[in-house]
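Numbering-wise (our numbering), the sequence shown opens with residue 2 and increments by one. Every residue gets a Cβ at the ideal spot worked out from N, C-alpha and C, and that includes glycine. Accompanying notes for the structure given below.
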Amino acid sequence: MARRTTKEKTFIRLPEESIKKLEDLVSGWTYDTKAFVRSRLNQYNPSHRLVFFIKETFFLFFFMKRKKRQMNVLNNPEILRDWKKRFLYSGEINPGASWNAIIEKELTKPEYHYLIAVLDKELKDLHVPYELEKTFDKIYRAHIRKEHIEDPDVPKAPIVLIEGTSGSGKSATVREALEKVIFRNEVIPTVDWAEKKEEILANHSLFTSLEDVDPEFAMKIASKKRRAFYHRLARIPILRFFLKKRIMENLKYFEEKGMTVDSSIITPNDYQTALSGEPGNYLKRAMGNPKLSTIRHLEEAHSAFGKSEGSLGGGGAEKQQRTLIDTSNIVLDEIIDGRRDCFLIATSDQAHRFDSAIYRRFVEKGCIIDISRYWMNAENLKKIIYLEINRHQIPSKYNEDSKTLDDAAKRIYAIFKERSLKISPAYVRKLIESIINIRGDFIPDFLDHSILIRSAFELVAKNVYGELYSKVVDRMDRNVQWDEYVGDIKDKFSEMANNCFSYGVSEDKGVVLTGPPGSGKTFLVRTWLSSNLRVHDIATSPSALQDPSSPVHGAVANLEKVYDIAKMIAPTVIFFDEGDALAPRRSATGGQPSDALTNKFLNIIDGEIPLNKVFTALTTNRLDILDPALIRSKRLKTLEISGHMRQKDIFDIIKKHFENTPHPREFEIEKIIETAQGICSTPADYTSFTEKAIALCSTEYQVLQKLRQLKESTRPEKCDFIKLNFKTIIGILDSVKAPPLIK
């Protein structure tokens, strides 16, 4: 287990000139330079104190003055970026030793600590929502520092469940919140207090006290004197031994001394095992010693807290899950009752899978946070936009309080609302990054360009869902013409699709195409797409969405990802073959595994955020096993493609295929129809029959051409030709009614 010390305040004494010099130095560096220098500073290995003291004393003895440090390398980009020049300057040929020598030459110890603090602040890449930071701070003070806080917002027990969709930044935000609120030390530069006191009292009478002029600064001086007093006591061994309790209490009061806590992250790999009964023991062991102050971040919490989906007499997997549920209930009760000193943060994107007893404990004694609602706060969104712009070193002068970012946040909200997308840090940051990659800059006016936004969202979808994107987007064959589909049903389909894309009719959000195999359901969608090239298509099936490691819940997650991709690249047609497997009729008890997929699909089609410019097309030949809730009003409409052909439709199909086929003699299509009607019933059958007839004609023509060229061939070549084309030759002889003797 990882033992860590909670945050401490470190006061370093620096002249105002040095503070300003370091801040100006960092502001002149690019983002990459800041990251590079911070890495080198964190890897700095200072020489032994005795060696450092001897060096300083030797310099003072010979030159009668202290060594003055000048930032020759840190202020010079050419030396800073050129490793050869750094080697010459430092006199070292090892990169690590070279940087150690440079840092010792150019920075004092206080300057070194303050420079790291400034770089950490500048390179902060994650934003913790203000609301979450406030909640964690209250829990830290109430349940870790054991302060008595009478605040209704403080949970009764230190158990927090943070839920949100994939990409909402749950785990990363929790880790950053723990670091910022509990563990990250504060480096506070201080100036000459006596000099500042004289400046404040310079314009007042001799008998005026500092408390009367600047009481806040007077309190700072008093606090500083008290800290200095206890620091002096702590340096005296005898007093430190006898007054240890009082010294440590006061230093902790000033947060100059942190507390030791056991902090770690628990993942499913830490407790999942094939041994029956062992997952619960592994989880309890991962939670640490109940008597020590611990902080646990439980990722993918539904794996530990998820309800068992099998019966009581189920197999090994169900038994293992029940041991996890039992252990989790015991651990949570220990935390609630105070028998286990632990701050537990659970993160999950599938809280609906939680065991009801466990979920009730979070509701009644802890708190449940939907992190996605924090990103609806414009202040949090502004911070995300600023961090991404800052990371790309955009030359435009933005700051955290810029009014320009307020405008950008409003437009981004409008863009995501138009696409029915939930705001998440991953999507917003990728959108800003894509715009910058396309245009090389970022200004709020770019957010009004619909073509640019669509191109940027395509990059977002590719970056976030790379493998899935390549599997499903623009996979349908469009090498057909709208005129090639015969039947009036295509006009109804076209009207529904146009209502969705062009007129925003919410009732026309999708269609279920039902009919026997070969009736032309898929062909109808292909022909419509061929005439609407600006519309993307996503083609997949329920079997393709399944994840082998998690057949049910993996398909649910992939279904949500597919619709997120569709919303990003809208207008989009999502085509599901085998639609009856995507939303089968739910069981009466709601306990079937397939019910989760049906529920998710129904929620997407008619959820809290209505779809916009995303048209869903399902095909099925078993409408009876489709869940009836899917085809009721305001969800998907039904179009029946029966496959029964009128004489005119059959004539049009055959004529369409034969119109580009050269033929020296006239022939009657009616005779072909008469021949085909005995063996064909659906459009696919007539199309296949016609294409096969044309292919046979083409093959026979080529065989006859080669037959004419056999006059000058050898006997073995003639025999080989007859062997390879025997069936075709017999068919030709039959068609011309050749005498039996020739055959």
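DSSP places Thr136 inside the alpha helix (DSSP H), whose first and last residues are Tyr131 to Ile140.
Counting along the chain, the unbroken beta strand (DSSP E) around Phe577 starts and ends at Thr573 to Phe577.
In terms of CA proximity to Ile539, Arg527 leads the group Arg527, Lys21, Val465 and Glu335. The shortest CA-to-CA distance from Ser373 to any of Pro153, Ile424, Thr31 and Pro156 is the one to Ile424.
Straight-line spacing of the CA atoms in Glu24 and Tyr399 works out to 17 Å.
Classified as buried, Cys501 has 16 or more neighbouring CB atoms from the shown chains inside 10 Å of its CB.
The C-beta distance from Leu422 to Ile160 rounds to 31 Å, too long to fall under 8 Å, and the pair is not in contact. When C-alpha distances from Ile444 are compared across Arg479, His298, Ile386 and Asn533, the shortest belongs to Ile386.
Just so you know, the alpha carbons of Gln322 and Ile337 end up roughly 22 Å apart. In the DSSP annotation of this structure, the continuous segment of the beta strand (DSSP E) that includes Leu345 starts and ends at Cys343 to Ser349. Counted as a single uninterrupted DSSP element, the stretch harbouring Gly511 is not any alpha helix (DSSP H) but the beta strand (DSSP E) occupying residues Gly511 to Thr515. With contact defined as three or more Cβ pairs closer than 8 Å, the segment 86-102 and the segment 130-146 are not in contact. With distances taken between CA atoms, Val536 lies nearest to Ala498 out of Phe37, Leu26 and Ala498.
Scanning its chain for C-beta atoms nearer than 8 Å, with the 5 sequence neighbours on each side dropped, one finds around Ala3 the residues Asp263, Ser264 and Ser265, in chain order. Scanning the segment 67-119 for uninterrupted beta strand (DSSP E) segments of 3 residues or longer gives nothing; none is fully contained. Burial is judged here by how many other beta carbons sit within 10 angstroms of a residue's own beta carbon; Gly511 has at least 16 and is buried.
With fewer than 16 other CB atoms across the displayed protein chains lying within 10 angstroms of its CB, His149 is exposed. A Cβ-Cβ separation of about 16 Å leaves Leu460 out of contact with Ile413 under the 8 Å criterion.
Where Leu619 is concerned, the enclosing beta strand (DSSP E) starts and stops at Val615 to Thr621. Shown here, Val182 sits in a helix according to DSSP, grouped into three states. The residue from Ala582, Phe37, Thr268 and Ser542 with its alpha-carbon nearest to that of Val563 is Ser542. Residue pairing by DSSP puts Thr261 in a beta bridge opposite Thr6. Spatial neighbours of Gly259 in its own chain (CB-CB distance under 7 Å, excluding positions within 5 residues in sequence) are listed in chain order as Thr6, Thr7, Lys8 and Glu9. Of the candidates Leu284, Asp350 and Ser309, Leu284 places its Cα closest to the Cα of Ile331. At least 9 Å separates the beta-carbon of Ile267 from that of Tyr115. Rounded to whole angstroms, the gap between the alpha carbons of Leu293 and Lys171 is 26 Å. The DSSP-derived three-state label of Pro426 is helix.
When Ala352, Leu299 and Met288 are compared, the shortest CA-CA separation from Gly307 is found for Ala352. In the three-state reduction of the DSSP assignment, Ile395 falls in the coil class, being assigned neither a helical nor a strand state.
In chain order, Glu579 and Ala582 place their CB closer than 8 Å to the CB of Ser544, counting only its own chain and leaving out the 5 sequence neighbours on each side. Annotation for Arg297: the continuous beta strand (DSSP E) segment containing it runs Thr295 to Leu299.
Pro47 is classed as exposed because its beta carbon has fewer than 16 other beta carbons within 10 Å across all chains shown. Pairing Glu301 with Ser309 gives a Cβ-Cβ distance that is not under 9 Å. Lys384 is positioned such that its CB atom lies no closer than 9 Å to that of Ser507. Distance from Glu177 to Val129 at the Cβ level is roughly 5 Å; contact confirmed, criterion being Cβ atoms closer than 8 Å. When the alpha-carbon of Glu17 is set against those of Met72, Pro111 and Pro78, the nearest one is in Pro111.
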